[in-house]
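*Asks:*
Protein chains: 2
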Amino acid sequence: MVTIALDAMGGDRGPSVIVPGAMEAVGGGVGVVLCGDRELIEAELGNAPRDGVEVVHAPEQIDTHEEPAAAVRDNPGSSMVTACRLVREGRAQAAISAGSTGAMLAASLLTMGRIRGVHRPGIAVPLPAHGAPCVLIDAGANSGSRPENLRQCGVMGSSFAEEVLGVSSPCVGLRSVGEEASKGTPEVVEANRLLAASGINFGGNCEGRDALSGEFQVVVADGFAGNVLLKGLEGAGAMMIRELRAAANSSLRAKLGGMLLLPALRGLRDAVNPETYGGAYLLGVRGISVIAHGNSSEAAIRNAVMVAARGVDHGVIERMAQRLAKPVPVSDLQDGDPVNTVPDVQESEIGETAT
Amino acid sequence: MVTIALDAMGGDRGPSVIVPGAMEAVGGGVGVVLCGDRELIEAELGNAPRDGVEVVHAPEQIDTHEEPAAAVRDNPGSSMVTACRLVREGRAQAAISAGSTGAMLAASLLTMGRIRGVHRPGIAVPLPAHGAPCVLIDAGANSGSRPENLRQCGVMGSSFAEEVLGVSSPCVGLRSVGEEASKGTPEVVEANRLLAASGINFGGNCEGRDALSGEFQVVVADGFAGNVLLKGLEGAGAMMIRELRAAANSSLRAKLGGMLLLPALRGLRDAVNPETYGGAYLLGVRGISVIAHGNSSEAAIRNAVMVAARGVDHGVIERMAQRLAKPVPVSDLQDGDPVNTVPDVQESEIGETAT
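In order, the protein sequences belong to chains G and B.
Take 1 as the starting number for the first sequence in the working numbering and just add one per residue.
Take 1001 as the starting number for the second sequence in the working numbering and just add one per residue.
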């Protein structure tokens, strides 16, 4: 039995979306724990069967205007922190929240802790690429990533694509401003060298457009650049859908064409729908942590639970830990490589880029 | 008479595309000077009428593998540098090249020089936004922009949108990671303050997705983030078109639907076509400098000539210089504001981000 803890109060519409969305995923070996105001959750549950469903009363909410790490420390009984705590206590294997990204980042880090050897967790977002999804990591947990952070993102993203999304031997690209290994900032050039020696299927540098070309199944980027890329792609997807809709309403002829084309376009719509994978995944913490969109629908929450459950089933955290622990071949090391040093994340760094 | 100088040898296919593209734009007060190997250019011109067409023999080409500033200095007689030199000498008012971005950036800077008061020129790219185009600046000339650089990009982008693209009182946004003026790096926070006091229609911070929403007609970003955003948008546009085409070929029914919908979709195709505006515009140099895509078609080159000619007609360089020279109200200045200091661009900085 896989158990997924949900912050039932998070998101724009709280329990009215989170509870029915979670309920759709229950069954087939998947159970949920709904954390939040018991009365509101019970009202949403109504007469639904309670097999595989547990409610944990946690009525407080994180103040999204507070600085994330402080907000988490000040509200240990909040629905979001409670969901994360259940993972640390082993009562659940994954936590999902549609609340503030910065707060969920801080709650996951401070509650679950990091996988041994991970300097900085990164946010992984599955993007709709040609053929198979492409995992963008880091989509905004950190800015000013060091080469070793980027290497770890590559290893974690690769494990995630393989174990959770089912992509075999995913090809990992490093976001730079040119294909040659020598292109980019000194950090990127060094990260290229580390990634090439890390035992994953490293395909070299890539550009922003390659995130969707299907050539790479993982794209590694510093959190600031990753966040810019993600938001740009979301904007482009929304624009295309809007213009497509407008075109299909511009004349009777176009309307008929749109109706005939519609079934074939469903795949495209699903592919660019940010809800297909339920949200973003914080990789590098000791547990599966999912940051769902604030305006998630029931379907998005259901998908988030299913994807997280698949990750648990495939032991993604354990596999990630193993791969991160695997020593880099000594011949590939250079003086000063930070392989055995694990600097602590400063609390002030938490959520500095996340939006 | 507006005269546009073209590097006839640039781009993937050189004179065979540049010459016919330029010829399509000749007439109605627009003339062209084709710089390159005279024999090759004459062969392309054939028996076409020569009114408004001049050929300047400049057979050398820039070595794209060399460091841009060095390549420009080593090849003063190259077709690209010749086109830029004609602008400095007043024989043309704009230069267009489909060659390497870094080299054209260096050639324009070293040959035309900067507008008085401009610290660092920025690359402006018109994006297809909802309703009107949106100018992204800087799309990759610099990385590590200082607040005053970002302010100048806002002023230059605003002039460009107004005088060249015909957008009245364009709303300028600053790319950050949140809407509040306090969000972002210290540089972005300071740039927000400077932009608000710069006398343009400043709409505050925006996110990557806002570049296409139609809310902003200018989006200011540091060159690295701008480049990431641009490449991401190009990738997203290409993916959508590809998927749309695949959907419309997936069945007989879909094929019929696609045929009926096609005329209504032409607007969308034009909107996401990077060739609509002919390329990127380097703003801040003393002349109009256009960096066309390497794989530009004849239509893209024609559009680049037309857009540049419009910019000349509207005196965009003079207006930009006036607006940049306009003093910031003293009440808005703070100690240490760099309003009257004009540090030199280091040659080593030229083209550091450009790809």
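Don't be surprised by glycine CBs; every beta carbon is placed ideally from N, CA and C.
Output the distance between the C-alpha atoms of I301 (chain G) and T276 (chain G), rounded to the nearest integer angstrom.
*Replies:* Against the first sequence, residue 301 (chain G) aligns to sequence position 301. Against the first sequence, residue 276 (chain G) aligns to sequence position 276. Going from the Cα of I301 (chain G) to the Cα of T276 (chain G) covers about 10 Å.
*Asks:* Sorted by chain position, which residues of the same chain lie with C-beta nearer than 7 Å to P170 (chain G)'s C-beta, five sequence neighbours on each side aside?
*Replies:* Counted from its first residue, the first sequence places residue 170 (chain G) at position 170. S158, A161, E162, N201, Q217, V218.
*Asks:* Is A1191 (chain B) close to chain G? Criterion is C-beta to C-beta, closer than 8 Å.
*Replies:* Taking the second sequence and counting its residues from 1, the one referred to as residue 1191 (chain B) is at position 191. Output row for A1191 (chain B): interface = no.
*Asks:* Using DSSP with H/G/I as helix, E/B as strand and the rest coil, what is S1331 (chain B)?
*Replies:* For the purposes of this step, residue 1331 (chain B) is taken as residue 331 along the second sequence, with counting starting at 1. Low local confidence applies: a pLDDT of 47 at S1331 (chain B) is under 50, so the model's placement there is unreliable, with the coordinate-based value given in what follows. S1331 (chain B): helix per DSSP, three-state reduction.
*Asks:* Residues of chain B with CB closer than 7 Å to the CB of L261 (chain G), please, in chain order.
*Replies:* As a working note, residue 261 (chain G) is residue 261 in the first sequence. Within chain B, the residues near L261 (chain G) are A1247, A1248, A1254, G1257, G1258, L1261.
*Asks:* Along the beta strand (DSSP E) that carries T276 (chain G), what are the first and last residues, could you check?
*Replies:* The residue you call residue 276 (chain G) lines up with position 276 of the first sequence. T276 (chain G) -> no beta strand (DSSP E), and no H or E assigned at all.
*Asks:* Closer than 8 Å between beta carbons: that is the criterion. Which residues of the stretch 189 to 218 of chain G meet it against chain B?
*Replies:* Of all residues in the stretch 189 to 218 of chain G, E207, G208, R209, D210, A211, L212, S213 have a Cβ within less than 8 Å of some Cβ in chain B.
*Asks:* List the DSSP bridge partners of G1204 (chain B).
*Replies:* Start at 1 with the first residue of the second sequence, and residue 1204 (chain B) comes out as number 204. The partner list for G1204 (chain B) (beta bridge, DSSP) reads B:G1173.
*Asks:* Taking 8 Å as the limit between beta carbons, can you name the residues of its chain near L1006 (chain B), skipping five residues before and five after?
*Replies:* Numbered from 1 along the second sequence, position 6 holds the residue referred to as residue 1006 (chain B). Only I1018, A1022, V1032, V1033, L1034, C1035, A1083, A1095, I1096, S1097, I1301, V1305 meet the Cβ criterion.
*Asks:* By a C-beta neighbour count over all protein chains shown, 10 Å radius and 16 as the cutoff for buried, is M9 (chain G) buried or exposed?
*Replies:* What you label residue 9 (chain G) is simply residue 9 of the first sequence in a count that begins at 1. Flag for M9 (chain G) reads buried.
*Asks:* Going by CA-CA distance only, name the one from B:P1020, B:V1290, B:M1104, B:V1081 that's closest to P1126 (chain B).
*Replies:* Within the second sequence, numbered from 1, the residue matching residue 1126 (chain B) stands at position 126. Per the Cα distances, B:V1290.
*Asks:* Against chain G, does L1105 (chain B) count as a neighbour if the rule is that its beta carbon must be under 8 Å from one of theirs?
*Replies:* Stepping through the second sequence from its first residue, residue 1105 (chain B) is reached at position 105. It does not; no Cβ of chain G falls within 8 Å.
*Asks:* Can you tell me whether A308 (chain G) is helix, strand or coil according to DSSP?
*Replies:* Residue numbering aside, residue 308 (chain G) sits at position 308 when the first sequence is read from its first letter. Helix, per DSSP.
*Asks:* Might you give, ordered along the chain, the residues of its own chain that have their beta carbon closer than 6 Å to the beta carbon of P1020 (chain B), omitting 5 neighbours on each side?
*Replies:* Taking the second sequence and counting its residues from 1, the one referred to as residue 1020 (chain B) is at position 20. Within the same chain, P1020 (chain B) has close Cβ partners E1298.
*Asks:* For G14 (chain G), which residues of its own chain have a beta-carbon under 8 Å away from its beta-carbon, when the five flanking residues on both sides are left out?
*Replies:* Position 14 of the first sequence, counting from 1, holds the residue named residue 14 (chain G). Same-chain partners within the cutoff: A8, G36, L40.
*Asks:* Could you tell me the alpha carbon to alpha carbon distance between S198 (chain G) and V135 (chain G), rounded to whole angstroms?
*Replies:* For the purposes of this step, residue 198 (chain G) is taken as the residue at position 198 of the first sequence. For the purposes of this step, residue 135 (chain G) is taken as the residue at position 135 of the first sequence. Whole-angstrom Cα-Cα distance: 18 Å.
*Asks:* Please name the residue in G:P147, G:P128, G:Q152, G:E67 whose C-alpha comes closest to that of R114 (chain G).
*Replies:* Here residue 114 (chain G) refers to the residue found at position 114 of the first sequence. Residue G:Q152 is the option with its Cα nearest to R114 (chain G).
*Asks:* Suppose only complete runs of 3+ residues qualify. What are the beta strand (DSSP E) ranges in the stretch 1121 to 1198 of chain B, listed by chain order?
*Replies:* Within the stretch 1121 to 1198 of chain B, the complete beta strand (DSSP E) runs of at least 3 residues are 1122 to 1127, 1134 to 1137, 1172 to 1175.
*Asks:* On the CB-based measure, 16 or more other CB atoms within 10 Å of its CB, does L1252 (chain B) come out buried or exposed?
*Replies:* For the purposes of this step, residue 1252 (chain B) is identified with residue 252 of the second sequence, where counting begins at 1. It counts as exposed.
*Asks:* So who's on the other strand from D37 (chain G), going by DSSP bridges?
*Replies:* As a first step, residue 37 (chain G) is located in the first sequence; it is residue number 37 there, counting from the start. According to DSSP, which records beta bridges pairwise, D37 (chain G) is partnered with nothing at all.
*Asks:* Given a cut-off of 8 Å, decide if G237 (chain G) and A1236 (chain B) are closer than it, judged by their beta-carbon atoms.
*Replies:* Looking up residue 1236 (chain B) in the second sequence gives position 236. Looking up residue 237 (chain G) in the first sequence gives position 237. Going by C-beta atoms, A1236 (chain B) is nearer than 8 Å to G237 (chain G).
*Asks:* Distance check for M80 (chain G) and H57 (chain G), CA to CA, integer angstroms please.
*Replies:* If you number the first sequence from 1, residue 57 (chain G) lands on position 57. If you number the first sequence from 1, residue 80 (chain G) lands on position 80. So the alpha carbons of these two residues sit roughly 12 Å apart.
*Asks:* Counting contacts by CB-CB distance shorter than 8 Å, is D1149 (chain B) in contact with chain G?
*Replies:* Locating residue 1149 (chain B) in the second sequence gives position 149, counting from the first residue. In the sequence as presented, Asp is not what sits at residue 1149 (chain B); that position holds Asn. Not closer than 8 Å to any Cβ of chain G, the Cβ of N1149 (chain B) fails to qualify, so no.
*Asks:* Classify S1168 (chain B): buried if its beta carbon has 16 or more other beta carbons within 10 angstroms, exposed otherwise.
*Replies:* Within the second sequence, the letter at position 168 stands for residue 1168 (chain B). By the 10 Å Cβ count, S1168 (chain B) comes out exposed.
*Asks:* Should V2 (chain G) be labelled buried (16 or more other beta-carbon atoms within 10 Å of its own) or exposed?
*Replies:* Looking up residue 2 (chain G) in the first sequence gives position 2. By the neighbour-count rule (16 or more Cβ atoms within 10 Å), V2 (chain G) is buried.
*Asks:* At a CB distance below 9 Å, what residues from the stretch 224 to 238 of chain G approach chain B? Give them in sequence order.
*Replies:* So the close ones are F224, A225, G226, N227, V228, L229, L230, K231, G232, L233, E234, G235, A236, G237, A238.
*Asks:* Quick one: what does DSSP say I115 (chain G) is sitting in, helix, strand or coil?
*Replies:* Stepping through the first sequence from its first residue, residue 115 (chain G) is reached at position 115. I115 (chain G) falls in the coil class under three-state DSSP.
*Asks:* In chain G, what lies closer than 7 Å to L1265 (chain B) by C-beta?
*Replies:* Taking the second sequence and counting its residues from 1, the one referred to as residue 1265 (chain B) is at position 265. Per Cβ cutoff of 7 Å: A247.
*Asks:* Output the distance between the C-alpha atoms of R1175 (chain B) and E1207 (chain B), rounded to the nearest integer angstrom.
*Replies:* Within the second sequence, numbered from 1, the residue matching residue 1175 (chain B) stands at position 175. Within the second sequence, numbered from 1, the residue matching residue 1207 (chain B) stands at position 207. Roughly 6 Å separates the two Cα atoms.
*Asks:* Rounding to the nearest angstrom, what Cα-Cα distance links Q322 (chain G) and E54 (chain G) in this structure?
*Replies:* Counting from 1 along the first sequence, the entry for residue 322 (chain G) is found at position 322. Counting from 1 along the first sequence, the entry for residue 54 (chain G) is found at position 54. Each residue's Cα considered, the two are about 32 Å apart.
*Asks:* Based on Cα-Cα distance, which residue from B:L1109, B:A1191, B:A1246 lies nearest to L941 (chain B)?
*Replies:* Nothing can be reported for residue 941 (chain B), as the shown portion of chain B is limited to 1001 through 1355.
*Asks:* Quick one: which chain G residues come within Cβ less than 8 Å of M1009 (chain B)?
*Replies:* Counting from 1 along the second sequence, the entry for residue 1009 (chain B) is found at position 9. The premise fails here: M1009 (chain B) is roughly 22 Å from chain G at the closest Cβ pair, so nothing lies under 8 Å.
*Asks:* Tell me whether G1014 (chain B) sits in a helix, a strand or coil according to DSSP, three-state version.
*Replies:* Stepping through the second sequence from its first residue, residue 1014 (chain B) is reached at position 14. G1014 (chain B): coil per DSSP, three-state reduction.
*Asks:* If you draw a straight line from the alpha carbon of R266 (chain G) to that of L260 (chain G), how long is it in whole angstroms?
*Replies:* For the purposes of this step, residue 266 (chain G) is taken as residue 266 along the first sequence, with counting starting at 1. For the purposes of this step, residue 260 (chain G) is taken as residue 260 along the first sequence, with counting starting at 1. C-alpha separation (whole angstroms): 12 Å.
*Asks:* Could you compute how far the alpha carbon of D1313 (chain B) sits from the alpha carbon of N1249 (chain B)?
*Replies:* As a working note, residue 1313 (chain B) is residue 313 in the second sequence. As a working note, residue 1249 (chain B) is residue 249 in the second sequence. One C-alpha to the other measures close to 45 Å.
*Asks:* Give me the residue from G:I288, G:T101, G:A25 with the minimum Cα distance to P49 (chain G).
*Replies:* Within the first sequence, the letter at position 49 stands for residue 49 (chain G). For P49 (chain G), the nearest C-alpha among the options comes from G:A25.
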